[in-house]
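Visitor: Here it is, the structure, as structure tokens.
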Amino acid sequence: MDFSLTSAEREFQHALRDWLEQNLPAGWKGSRSLPKTDPERTQFLRDWQRRLYDGGWAGVAWPKEYGGRGATLLEEVIYQEEMVRVKAPPVINIIGIGMIGPTLIQIGTEAQKRRYVHKILSGEEIWCQGYSEPGAGSDLAAIQTHAVKQGDKWIINGQKVWTSYAHIADRCFLLARTDRSGAKHDGMTAFLIDMHQPGVETRPIHQMSDHYDFNEIFFTDAVAYEEDIVGEVGEGWKVAVTLLMHERVGVARQVFSLQRDFNDLVGFSKTLTRQGVRLVENPVVKKRLVDYYARSRGALLTYYRHLTQTMKTGHPGVEGSMDKLLCSELGKDMLGYAVSLQGAHSPLWHEDAYVNSSWQDGYLESLGLTIAGGTTEIQKNVVAERVLGLPKDIKH
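Sequential numbering from 1 applies to the sequence shown in UniProt numbering.
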């Protein structure tokens, strides 16, 4: 792969850098600069997404006719790399921009596109994704939330869990069962649900990081209409897979975040001392740093290899499971080691010369990333069976 940028790609990169230099929030120093509580935090992130939208930097890969920039896949990667480099605020409607919007653009009706896509991009409407349930996480086809047609309405009952941003969401991209008579992968339908209606209750889940990003959602006679169906009735599995194929942007951001985290870890180890000696000079620490460097570069190059394949074929392949596996496991190991370097200070959660609580935040989040989007064990199975062609089990 040729790593040099074309003149058009360099122009894209420089334009983005110039815009970020002028538009990052005043005094911004990464996620630690975010307001600590809602609704201030939510409003801050809504304002940031609106600023991106007004500047033409929200949904850069979206087609221009839908408000995007029409960026190429490589330009989209450059965008993620630059955002990670400056530790830009997160996009509050990342699920809408990264997955739901592209899915509606690809297979939604014209009415759905007119109604939703621009408000997704501007952050005017926040979206969540109603997939996982208490008994249907890794086995998504086991969902029990059901929708029954009554006249021109669909009445929805059931429960979703681990739903990111549901507590601030205006709409939900919901997968529900509409027919129980066939195979479990059949009989599902995708709906666009109003989260503010009386039949929807959201309960935030208190995470060990003291955040509330995940939620339970309870549907009790919630209502959807025919115009809220994405695709065809009974073809929800096909729609669900289409949506998940758009998760590649999240992988890119994680790959580049690991490169930044490694550089930060090296810098952090230079500030810490044991018995008057900087930790970076300790041979045991140096060995760990070399290992993390090799793994982070390996993850980056593996991602670039798969990116090249995607650019040739026009769609991501199952090799993306390798990227997810490498990144989530490395993030867990490396961030955990950063916390351990703080020694007796590691349980503390404040900022001073010795303690950097962003490592604690990152480590606790990294544990969830080994589960979210497909567990480590599932990714290993996908790589073994669909990339390496190994059998599903040993035949005796």
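Backbone N, C-alpha and C define an ideal beta-carbon position, used for all residues, glycine too.
1. Note down the Cα distance separating residue 143 from residue 177, rounded to an integer number of angstroms.
2. Helix, strand or coil for residue 89? Go by DSSP, reduced to three states.
3. DSSP three-state call for residue 230: helix, strand or coil?
4. Roughly how many whole angstroms lie between the Cα atoms of residue 117 and residue 25?
5. With residue 19 as the anchor, note down where its alpha helix (DSSP H) starts and where it stops.
6. Nearest CA to the CA of residue 97: which residue from 218, 202 and 57?
7. Mark residue 320 as exposed unless 16 or more other C-beta atoms lie within 10 angstroms of its C-beta, in which case mark it buried.
8. Compare the C-alpha of residue 155 against each of 229, 124, 9 and 110 and name the closest.
9. Given a cut-off of 8 angstroms, decide if residue 173 and residue 100 are closer than it, judged by their beta-carbon atoms.
10. From residue 193 to residue 205, what does the alpha carbon distance come to, in whole angstroms?
11. For the 8 angstroms Cβ check, are there 3 or more pairs between the region 297-311 and the region 266-283?
12. Would you report the Cα separation of residue 386 and residue 22, rounded to the nearest angstrom?
13. Skipping 5 residues on each side, what residues in its chain have a beta carbon closer than 6 angstroms to that of residue 20?
14. Figure out for me which residue from 157, 50 and 127 has the closest Cα to the Cα of residue 413.
15. Should residue 8 go down as buried or exposed, given a rule of 16 or more other Cβ atoms within 10 Å for buried?
16. Return the chain-ordered ranges of every beta strand (DSSP E) run that is complete within the region 310-336 and spans a minimum of 3 residues.
17. When the Cα atoms are used, what is the spatial distance from residue 251 to residue 299?
18. For residue 196, count neighbouring C-beta atoms within 10 Å of its own C-beta (all shown protein chains included) and say buried if the count is 16 or more, exposed if not.
19. So is residue 114 buried or exposed if we call it buried at 16+ other beta carbons inside 10 Å?
Guide: Let me lay it out:
1. As a position in the sequence shown, residue 143 is number 143, starting the count at 1. As a position in the sequence shown, residue 177 is number 177, starting the count at 1. Near 7 angstroms, if we compare the C-alpha coordinates of residue 177 and residue 143.
2. Within the sequence shown, the letter at position 89 stands for residue 89. Here DSSP, grouped into helix, strand and coil, assigns residue 89 to coil.
3. By one-based count along the sequence shown, residue 230 stands at place 230. It is a strand residue.
4. Here residue 117 refers to the residue found at position 117 when the sequence shown is read from its first residue. Here residue 25 refers to the residue found at position 25 when the sequence shown is read from its first residue. As the crow flies, the alpha-carbon of residue 117 is around 26 angstroms from that of residue 25.
5. Indexing the sequence shown from 1 puts residue 19 at position 19. Residue 19: member of the alpha helix (DSSP H) spanning 7-23, first to last residue.
6. Against the sequence shown, residue 97 aligns to sequence position 97. With distances taken between Cα atoms, residue 97 lies closest to 57.
7. Stepping through the sequence shown from its first residue, residue 320 is reached at position 320. Buried, since its Cβ has 16 or more Cβ neighbours within 10 Å.
8. The residue given as residue 155 occupies position 155 in the sequence shown. Comparing Cα-Cα distances from residue 155 to each of 229, 124, 9 and 110, the minimum goes to 229.
9. In the sequence shown, the residue the question calls residue 100 occupies position 100. In the sequence shown, the residue the question calls residue 173 occupies position 173. It is a contact, given that the beta carbons lie within the stated cut-off.
10. Residue 193 sits at position 193 when you count from the first residue of the sequence shown. Residue 205 sits at position 205 when you count from the first residue of the sequence shown. Looking at the backbone, the Cα of residue 193 and that of residue 205 are separated by about 21 angstroms.
11. No, the region 297-311 does not touch the region 266-283.
12. Counting from 1 along the sequence shown, the entry for residue 386 is found at position 386. Counting from 1 along the sequence shown, the entry for residue 22 is found at position 22. Whole-angstrom Cα-Cα distance: 46 angstroms.
13. Here residue 20 is taken as the residue at index 20 of the sequence shown, counted from 1. Closer than 6 angstroms at the Cβ level, and outside the excluded window around residue 20, lie 86.
14. Only positions 1 to 396 of the chain appear in this structure, which leaves residue 413 out of reach.
15. Locating residue 8 in the sequence shown gives position 8, counting from the first residue. Note on residue 8: under 16 other CB atoms within 10 angstroms of its CB, so exposed under the neighbour-count rule.
16. List check, beta strand (DSSP E) in window: nothing returned.
17. Translated into the one-based positions of the sequence shown, residue 251 becomes position 251. Translated into the one-based positions of the sequence shown, residue 299 becomes position 299. Annotation: residue 251 to residue 299 spans about 11 angstroms, alpha carbon to alpha carbon.
18. Residue mapping note: residue 196 aligns to position 196 of the sequence shown, counting from 1. By the neighbour-count rule (16 or more Cβ atoms within 10 Å), residue 196 is not buried but exposed.
19. What you label residue 114 is simply residue 114 of the sequence shown in a count that begins at 1. It counts as exposed.
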